[in-house]
Structures are given as structure tokens and as C-alpha cells.
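**Q** Numbering (my numbering), first residue to last: 41 to 351. What follows is a structure written as C-alpha cells; I'll ask about it next.
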Amino acid sequence: LDYVWEIRSTSETTYYCKLCDSPCAFITIMSHLNGFKHQLKCLKHINYYAYESIKECNRRKAEPVFAHHFNSYKGRYGSGNVRVFLERPKSDSVSDVPLRDQPGPSWRDDSASVAGNLDKKVPIKKSESKFFKIPKPEDCLDTTAGDYHCIICDCHMTGISAWESHVTGKRHLKKIKKNPQGPIINSKFVEAPPGTVSYLEKMLSDRKTDDVVFGLQYIRENRGETGNQYNCFPCGNCSSTIDIISHVISLRHKMKCLETMHSEGKVNNIMAIKALEFNEYSKENLIDEECCKVLNKYGHSKPVVYIAKGK
Numbered sequence: 041l042d043y044v045w046e047i048r049s050t051s052e053t054t055y056y057c058k059l060c061d062s063p064c065a066f067i068t069i070m071s072h073l074n075g076f077k078h079q080l081k082c083l084k085h086i087n088y089y090a091y092e093s094i095k096e097c098n099r100r101k102a103e104p105v106f107a108h109h110f111n112s113y114k115g116r117y118g119s120g121n122v123r124v125f126l127e128r129p130k131s132d133s134v135s136d137v138p139l140r141d142q143p144g145p146s147w148r149d150d151s152a153s154v155a156g157n158l159d160k161k162v163p164i165k166k167s168e169s170k171f172f173k174i175p176k177p178e179d180c181l182d183t184t185a186g187d188y189h190c191i192i193c194d195c196h197m198t199g200i201s202a203w204e205s206h207v208t209g210k211r212h213l214k215k216i217k218k219n220p221q222g223p224i225i226n227s228k229f230v231e232a233p234p235g236t237v238s239y240l241e242k243m244l245s246d247r248k249t250d251d252v253v254f255g256l257q258y259i260r261e262n263r264g265e266t267g268n269q270y271n272c273f274p275c276g277n278c279s280s281t282i283d284i285i286s287h288v289i290s291l292r293h294k295m296k297c298l299e300t301m302h303s304e305g306k307v308n309n310i311m312a313i314k315a316l317e318f319n320e321y322s323k324e325n326l327i328d329e330e331c332c333k334v335l336n337k338y339g340h341s342k343p344v345v346y347i348a349k350g351k
């Protein structure tokens, strides 16, 4: 918990995990702390050799290792303490809404809350008009991919709570201030030419493993100057080159993709498997078998590749 920061304002409490460089809402912080990626990074911090031995394993195989090392560490050093940051009043040229302290990347830029600014006019320098109106949240929302996609920030969320947290965040508000008049830019990426082979496919072909890989058609590979990022739309996940493989072979990803395919009319037995009265990780073999049946029936798929504009 030494790496968790709590940011308190008069209107909300948010969290930032320094270890993962991840901002979290009040309702998502516990799921983040219990998540596989966070626990893997914790293990890397407290015992690098143990981390190296299980970093390619799935969660079911890793959990006993987590339990052993975390309990040992907790008994020796304790659970740690959450750092608490209080809102510090500070004037803004646009609004008098107080700003947060700046503990992490999500709060490094100055901007005011949506509630105070949605209907306010903000001055800009280079424009034929002296004022423009900040876009409303509904102007930034795209749901065509089956999730909540912010077309200003080009990021995806799975639920309404995450969406509301995003559109009231400082990072989002800073970006909409930089997009004054004219059409909203949909994305900083464009689809790659037909026939482009994704780096993910190359990594999977070089990987010697029996793990079932499933749902690649829902993966978008974004090739940027600073490295590749991957969006998984059913899971609402954003991964780097380092952790995308562990995501696509994870049980949660396979279940989400089976559910999505089932809702699209590609009927499978995921609902019957979910109804079985034992825990998810006891169903792993059944899920893998179902994925193989679906792949045999509908064929294998490939990720969609996007490249940075101007490349």
C-alpha cells in the first residue's frame, strides 16, 4: 500500500497506483489492487527471482507463489500505508475551481472540473472567434466498438462509472481545451495498409507454448513512435508489448471474448460454463476447450493494425 496515493477533493476521492502508473476511481481501486498485473509488479518489487519464474504463467499457477511471498513480506514489513493528498486551492485562468496536488500523470496538467466548465466560454489566442465552448461529454463519446470510447483522448472504458470518472478528469479536460473549433479529431492513428502483419502475431509465432490464444479479432495494435500499445475492446484493456501476450492467454480475456461472440450470434457454451457452481479458475480447461471449438468452427482471426498519422 506504500505505492497507493489517495487524492481527496471536495467533490470526489480518487486513487493513483505509483507502482503501475495507473489512476483509479473509488469503485475500481480494490479490483486494481487484486488484479493480476498489479500483483505481478508487487512480486517483481519484493522478489525479482520469484517474479522471473512465474511472469509467463497464468493466474491460477501464479496465485500460490503470490500467497507465499506476500504473506512472508507482510509478516516481516506489514501491509504499508496509503499516502493521502488533500486538495490545495489554486487559481486557474479559466476557473476558480481548486486544483488537486499533483501526485501522478493523470493530474499533471491544469484544468477545471466538467461541472464548472461545460457551459463556460474559454478564451483562446489563435482563432477567428474570441471564444469557443468546451465539448460536452456526449460529444466525445463513441460506442460503435461496444464500449465507451473517448474520441478526444482515444481511450476505451468498459462501464459508465469509468466513463464518468474519465470525463471529469484533468487529463481529458486538458485535451478538450486544446481542441477548440472545428471537427473533433477521431484518433491519432489510422488503419494500416491491407496485408500488414501485426507485431503481436510475430511475437505469438516466436513463442513456444501450448496456451490457447483467442479473440485476436478484438485486439487493436497501435504502432506509435514510443512503442506499441494494444486495445482489447471486450475487456476494456490497454496493454503494452510487454504484457499483451499474458492478457490474450488469460482466462478473463477468453471468457469476455466468448461472451462477445455469443452476443454477436456466434453461438457457444460460455453461458452454460459460467453457470457451473465452481470458481472461475476451476473452469479453465472447459474454457480452453470451448475456445478451440469456436476457433475450429469460425476460424482463426488477426488483430487490427493502426499506425500513427504521418508515418
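Note that beta-carbon positions come from the ideal geometry of N, C-alpha and C, so glycine has one too. Since the structure is predicted, the reported quantities are computational estimates derived from the model, not experimental observations.
What's the gap between the Cα of residue 112 and the Cα of residue 89?
**A** Reading the sequence shown from its first residue, position 72 is the one you call residue 112. Reading the sequence shown from its first residue, position 49 is the one you call residue 89. Spanning the two alpha carbons is a distance of roughly 15 Å.
**Q** For residue 260 versus residue 268, is the C-beta distance shorter than 8 Å?
**A** Counting from one through the sequence shown, the residue named residue 260 turns up at place 220. Counting from one through the sequence shown, the residue named residue 268 turns up at place 228. Not closer than 8 Å, so no.
**Q** Nearest by alpha-carbon distance to residue 308: which of 289, 323, 335 and 288 is it?
**A** For the purposes of this step, residue 308 is identified with residue 268 of the sequence shown, where counting begins at 1. Among 289, 323, 335 and 288, the Cα nearest to that of residue 308 belongs to 335.
**Q** By the 10 Å Cβ neighbour count, where 16 or more other Cβ atoms means buried, how is residue 136 classified, buried or exposed?
**A** Sequence index remark: in the sequence shown, residue 136 carries index 96 (1-based). For residue 136, the predicted model reports a pLDDT of 38, less than 50, meaning its position is unreliable and no value from the coordinates is stated.
**Q** Can you tell me whether residue 295 is buried or exposed, with buried defined as 16 or more other CB within 10 angstroms of its CB?
**A** The residue labelled residue 295 in the question sits at position 255 within the sequence shown. Buried is the call here.
**Q** Mind checking which residues open and close the alpha helix (DSSP H) that includes residue 300?
**A** Walking along the sequence shown from the start, residue 300 turns up at place 260. Element bounds for residue 300: 291-303.
**Q** Distance, Cα to Cα, residue 44 vs residue 338?
**A** Mapped onto the sequence shown, residue 44 falls at position 4. Mapped onto the sequence shown, residue 338 falls at position 298. Using only the alpha carbons, I get a separation of about 44 Å.
**Q** What are the start and end residues of each continuous beta strand (DSSP E) run of 3 or more residues lying completely inside the region 257-285, in chain order?
**A** With a minimum length of 3 residues, the continuous beta strand (DSSP E) runs that stay inside the region 257-285 are 259-264, 267-272 and 277-280.
**Q** Hey, how far is the Cα of residue 273 from the Cα of residue 292?
**A** In the sequence shown, residue 273 corresponds to position 233, counting from 1. In the sequence shown, residue 292 corresponds to position 252, counting from 1. Going by the C-alpha atoms only, they are around 13 Å apart.
**Q** Along the beta strand (DSSP E) that carries residue 76, what are the first and last residues, could you check?
**A** Locating residue 76 in the sequence shown gives position 36, counting from the first residue. Careful: residue 76 lies outside any beta strand (DSSP E), inside the alpha helix (DSSP H) at 76-86.
**Q** Pull up the CB-CB distance for residue 321 and residue 99, whole angstroms please, since I reckon it's below 8 Å.
**A** Taking the sequence shown and counting its residues from 1, the one referred to as residue 321 is at position 281. Taking the sequence shown and counting its residues from 1, the one referred to as residue 99 is at position 59. Correct: roughly 7 Å between the Cβ atoms.
**Q** Which stretch, first to last residue, makes up the beta strand (DSSP E) that contains residue 57?
**A** By one-based count along the sequence shown, residue 57 stands at place 17. 53-57 is the span of the beta strand (DSSP E), which, as asked, contains residue 57.
**Q** Tell me the residue span of the beta strand (DSSP E) that contains residue 126.
**A** Here residue 126 is taken as the residue at index 86 of the sequence shown, counted from 1. It spans 123-126 - the beta strand (DSSP E) in which residue 126 sits, taken as one unbroken run.
**Q** Rounded to whole angstroms, what is the Cα-Cα separation between residue 125 and residue 57?
**A** Residue numbering aside, residue 125 sits at position 85 when the sequence shown is read from its first letter. Residue numbering aside, residue 57 sits at position 17 when the sequence shown is read from its first letter. C-alpha separation (whole angstroms): 13 Å.
**Q** Whose CA, out of 123, 300 and 347, lies closest to the CA of residue 265?
**A** As a first step, residue 265 is located in the sequence shown; it is residue number 225 there, counting from the start. The shortest Cα separation from residue 265 among 123, 300 and 347 belongs to 347.
**Q** Between residue 60 and residue 305, what straight-line distance do the alpha-carbon atoms span, to the nearest angstrom?
**A** For the purposes of this step, residue 60 is identified with residue 20 of the sequence shown, where counting begins at 1. For the purposes of this step, residue 305 is identified with residue 265 of the sequence shown, where counting begins at 1. Straight-line Cα distance between these residues: approximately 37 Å.
**Q** Looking only at its own chain, which residues have a Cβ that is under 7 Å from the Cβ of residue 297, when we skip the five neighbours before and after it?
**A** By 1-based counting over the sequence shown, the position of residue 297 is 257. Excluding sequence neighbours, residue 297 sits near 254, 255, 258 and 274.
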